[in-house]
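Quick note on numbering: the sequence shown equals residues -20 to -1, 1 to 379 in mature numbering (1 follows the signal peptide of the UniProt record, and there is no 0). Positions of the beta carbon are idealized from the N, C-alpha and C atoms, including for glycine. Notes follow the structure.
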Amino acid sequence: MRTTAVSLLFLLVQFQDVFAAPTQVPFDSDLVAKRPPRKLRGRFLHLTDMHPDPYYRVGTSEKSACHRRKPKKAKPRAGEHGIPFGDCDSPFSLTNHTLDFIDKKWSEEVDFVIWTGDSARHDNDRKLPRTTKEIYELNRAMARKMEDVFLSKGVPVIPTIGNNDVWPHNIMLPGPNDITFQYSVIWRSFIPFPSFQVFQRGGYFSVDVIPGSVAAISLNTMYFYTSNKAVGGCEVNDPQDPGNLQFDWLEVQLQTFRSRGMQVWIAGHVPPSARNYYPECHVRYVELSLRYQDTILGHLFGHMNVDHFFFLDAQEVTHNGQARSSDALEEDEQDVKKKHKDLYGSLLKNFNHSSRTRTCLPSESSRTIFLDHPTFQAISVSLWMEEGQEAPMRHVLIV
Ligand SMILES: [Zn+2]
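Take a look at the structure:
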């Protein structure tokens, strides 16, 4: 996490009363298996982008990523708990104090924890390049802390892979590979056994967090992310593309939870937008989200380093899409959308004609029903904006 105003984001989300009735049976982790069922609290916690930095030194300059040199007089020094709104990552004093505080005040008060990745420092210091070993060690340390604070009390934790949790950052080849293997070990206590094989192939899984009522789906957004040049980005003609395989899996998950009468939170690191996702991946994400809006409670992401909401908009990916905003901050994103508008239209047609996905995508008439639907489901997303990288996004509205 960047040491912005509050570096560690946590959202406490109040469930509707209907979820407060059953007790919570812990999922099949050794750490929680022997504990009695917990009473539900009706809240969960969202943690993201903690970015612990083992090289952080108090008193150093921001220019050196808070690793060395004293700053010029007028410039701020690396503080005990970071530099507010600065470019440095987080000292352990900040990550530890934050999690210790949560341990004391909140860990008994939540039903589960969504943890949306980037648990290693940024690659922002040429003199101290990151290594694979360091990235896994930081993730291991964070995972053990999360086990102590939450899992040991019977609170499930749902981790996701961030673009800085891999080396080199942003790049992840189709699995199974060393990354999916390493995280299957580091997160062994968080991933239910039946999901293990799927995780080792793709880096994603689902888990009942309140059995029979609520599940969480952890997505591997690396396979949708435009900066990951090691994948094709859900190309229509490549059913074996890891992004397409993940969407196929996601649809089965959503269908299964719907048939069980359950609802789900979707979690991932990089949020779905025209800028962040390959066009084909974006189309599939929006389409599935719209079609399963009765089952999806909301979507939780990290990565952007800014805390806000946006809305998934059906019109963005249909031929009806119009650039609608005059807000300067949105212009950039609107340009991208405009550029993709025709492409999205033809992709929807292509996906419709593909035998693999024929049943996945809305027909012309069902799309109209979506657009005409009188109610809207807000997607709750918390985002952190990486300075200078991303424009803040309109929150996604599900029609
Ligand atoms: Zn990130």
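Cβ neighbour criterion (16 or more within 10 Å) applied to residue i
i: Q177; result: exposed
i: E344; result: Legend: pLDDT at E344 = 29, less than 50; position of this residue unreliable, no value from coordinates given.
i: D158; result: exposed
i: G39; result: exposed
i: A54; result: exposed
i: F92; result: buried
i: P251; result: buried
i: S239; result: exposed
i: G241; result: exposed
i: G192; result: exposed
i: T112; result: exposed
i: Q235; result: exposed
i: N76; result: exposed
i: R49; result: exposed
i: V297; result: buried
i: Q266; result: The identity of residue 266 in the sequence shown is Val, whereas the question assumes Gln. With 16 or more Cβ atoms within 10 Å of its Cβ, V266 is classed as buried.
i: R124; result: exposed
i: F24; result: buried
i: N217; result: exposed
i: P136; result: buried
i: V263; result: buried
Simplified DSSP state of residue i, which is helix, strand or coil
i: Q243; result: strand
i: S41; result: strand
i: T28; result: strand
i: D228; result: helix
i: Y258; result: coil
i: S73; result: helix
i: V90; result: coil
i: R21; result: coil
i: V194; result: strand
i: R57; result: strand
i: G182; result: helix
i: F291; result: strand
i: V129; result: helix
i: N285; result: strand
i: D80; result: helix
i: Y265; result: helix
i: Y205; result: strand
i: residue 380; result: Lying outside -20 to 379, the shown extent of the chain, residue 380 is not represented and no answer is given.
i: residue 385; result: Limits of the chain in this structure are -20 at one end and 379 at the other, which puts residue 385 out of reach.
Residue i to residue j span [Cα, whole Å]
i: I141; j: M202; result: 8 Å
i: T206; j: F185; result: 22 Å
i: R18; j: D274; result: 27 Å
i: P259; j: N208; result: 13 Å
i: I190; j: G278; result: 16 Å
i: H283; j: M30; result: 10 Å
i: residue 380; j: G223; result: Given that the chain is displayed from residue -20 to residue 379, the structure contains no residue 380 and the question cannot be resolved.
i: Q226; j: K52; result: 49 Å
i: H61; j: S73; result: 6 Å
i: N143; j: G182; result: 15 Å
i: Q233; j: R37; result: 45 Å
i: P156; j: S175; result: 14 Å
i: I166; j: L118; result: 10 Å
i: P148; j: D103; result: 9 Å
i: E89; j: L131; result: 13 Å
i: L20; j: P109; result: 44 Å
i: R101; j: H288; result: 23 Å
i: P154; j: T96; result: 20 Å
i: K107; j: P71; result: 18 Å
Cutoff 6 Å; reference residue i; Cβ partners in own chain excluding five residues on either side
i: I94; result: H26, I138, A247 and L280
i: F237; result: A195, V244 and T275
i: V129; result: L79, D83 and S87
i: S164; result: F179 and Q180
Residues sharing a beta bridge with residue i, DSSP
i: W95; result: L27 and P139
i: Y35; result: Bridge partners of Y35: none, in fact.
i: H279; result: I246
i: D105; result: Per DSSP, none; premise fails for D105.
i: D188; result: A195
Beta-carbon proximity list for residue i, same chain, < 8 Å, skipping 5 on both sides
i: V146; result: I115, M152, I159 and M202
i: P56; result: E42, I63 and G66
i: D105; result: Y35, S44, A45 and H47
i: C68; result: R(-19), T(-18), D33, Y36, E42, A45, C46, A58 and G62
Nonlocal neighbours in the same chain, by C-beta distance under 7 Å from residue i, ignoring five residues either side
i: D221; result: V211, G212, C214 and E215
i: N256; result: Y205, T206 and V250
i: Q162; result: Y116
i: S306; result: Low per-residue confidence applies at S306: pLDDT is 39, beneath 50, and the placement is therefore not dependable enough to give any value.
i: M122; result: M30, P32 and S99
Open item on the list: Beta-carbon distances below 6 Å to any heavy atom of ligand 2 define the shell here; list its residues in chain order, please.
Closed with: You won't find ligand 2 in this model; what it holds is ligand 1.
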